[in-house]
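Engineer:
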Amino acid sequence: MSERYDGGYGAEDGAGEPTGEAADWYRQGVQLLEAGDPQGAAQLLTKVAQKTPDFAPVLEALARAHFDGGLYEQALESFAQLAHVSPDDDYAQFGWGLAAAKLGQMDVAVEHLSAAAAMRPEIRHYANALRAARSTLREQTGKRGLADG
Numbered sequence: 001m002s003e004r005y006d007g008g009y010g011a012e013d014g015a016g017e018p019t020g021e022a023a024d025w026y027r028q029g030v031q032l033l034e035a036g037d038p039q040g041a042a043q044l045l046t047k048v049a050q051k052t053p054d055f056a057p058v059l060e061a062l063a064r065a066h067f068d069g070g071l072y073e074q075a076l077e078s079f080a081q082l083a084h085v086s087p088d089d090d091y092a093q094f095g096w097g098l099a100a101a102k103l104g105q106m107d108v109a110v111e112h113l114s115a116a117a118a119m120r121p122e123i124r125h126y127a128n129a130l131r132a133a134r135s136t137l138r139e140q141t142g143k144r145g146l147a148d149g
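In the UniProt record's numbering, the protein residues as written are 1 to 149.
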C-alpha cells in the first residue's frame, strides 16, 4: 500500500498541495517511482502535471507511474498527452502502445508500437512488443471471424 506523499520538501499547505517548487515535487515523484512506489509517485506527479501540463519529463514520469501502478487507462492518456507534446518521442509511442495492449485495444497498440519501432528500429524490445501485439490482434480477428461465420 502506498503511503500518502508527505511533502518531502516541506509539509502540505491547507489546500492539500505540497509546499515547495514544482521542480522539487517532480524530483520527489521520480524518486518515489524509482523506489517502487508508483501510486505515491502518480499522486505527486499529477499535481506537478497540473502546474506544468506540457513539460515532457513530467508527463513521461507520470505515464510511467500510472503504468507501473497498473492504472492502464490513465497511462494511456498520459502517454498520449506526451506524444502530442513531443510527436517525435518514440518512448511515448511505445508506452501508449503497451498501455493500449494491457487494455485489450490491440489495434491501437499495433498503431503506436509500429510508430515506436519505425522511429527506433534498433530497439529490440519495441519490435518484440509489436510482434506480440500483431499476433494477439490476428488471434482476436480470427476468433471474431469464426464467430461471425
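Quick reminder that beta carbons are idealized off the backbone N, C-alpha and C, glycines included. Model, not experiment: these values are computed from the prediction.
#1: Comparing alpha-carbon positions, which option in Gly29, Ala101, Arg64 lies nearest Leu44?
#2: So, are the CB atoms of Ala99 and Leu76 less than 8 angstroms apart?
#3: Around the C-beta of Glu139, are 16 or more other C-beta atoms found within 10 angstroms, so that it is buried, or is it exposed?
#4: Cα-Cα, which of Leu71, Asp90, Thr52, Thr136 is closest to Arg124?
#5: Quick one: residues in its chain with C-beta nearer than 6 angstroms to the C-beta of His112, no 5 flanking neighbours on either side, listed in chain order?
#6: Between which two residues does the alpha helix (DSSP H) harbouring Ala75 extend?
#7: Output yes or no for whether 8 angstroms exceeds the beta carbon distance between Ala63 and Ser78.
Structural biologist: Let me spell this out:
#1: The residue labelled residue 44 in the question sits at position 44 within the sequence shown. It is Gly29 whose Cα lies nearest to the Cα of Leu44.
#2: Mapped onto the sequence shown, residue 99 falls at position 99. Mapped onto the sequence shown, residue 76 falls at position 76. Yes; because the gap between Cβ atoms is below 8 angstroms, this pair is in contact.
#3: By one-based count along the sequence shown, residue 139 stands at place 139. By the 10 Å Cβ count, Glu139 comes out exposed.
#4: One-based indexing of the sequence shown puts residue 124 at position 124. For Arg124, the nearest C-alpha among the options comes from Asp90.
#5: Taking the sequence shown and counting its residues from 1, the one referred to as residue 112 is at position 112. The residues are Gln93, Trp96, Gly97.
#6: Residue mapping note: residue 75 aligns to position 75 of the sequence shown, counting from 1. Counting along the chain, the alpha helix (DSSP H) containing Ala75 begins and ends at 72-85.
#7: Counted from its first residue, the sequence shown places residue 63 at position 63. Counted from its first residue, the sequence shown places residue 78 at position 78. Yes; because the gap between Cβ atoms is below 8 angstroms, this pair is in contact.
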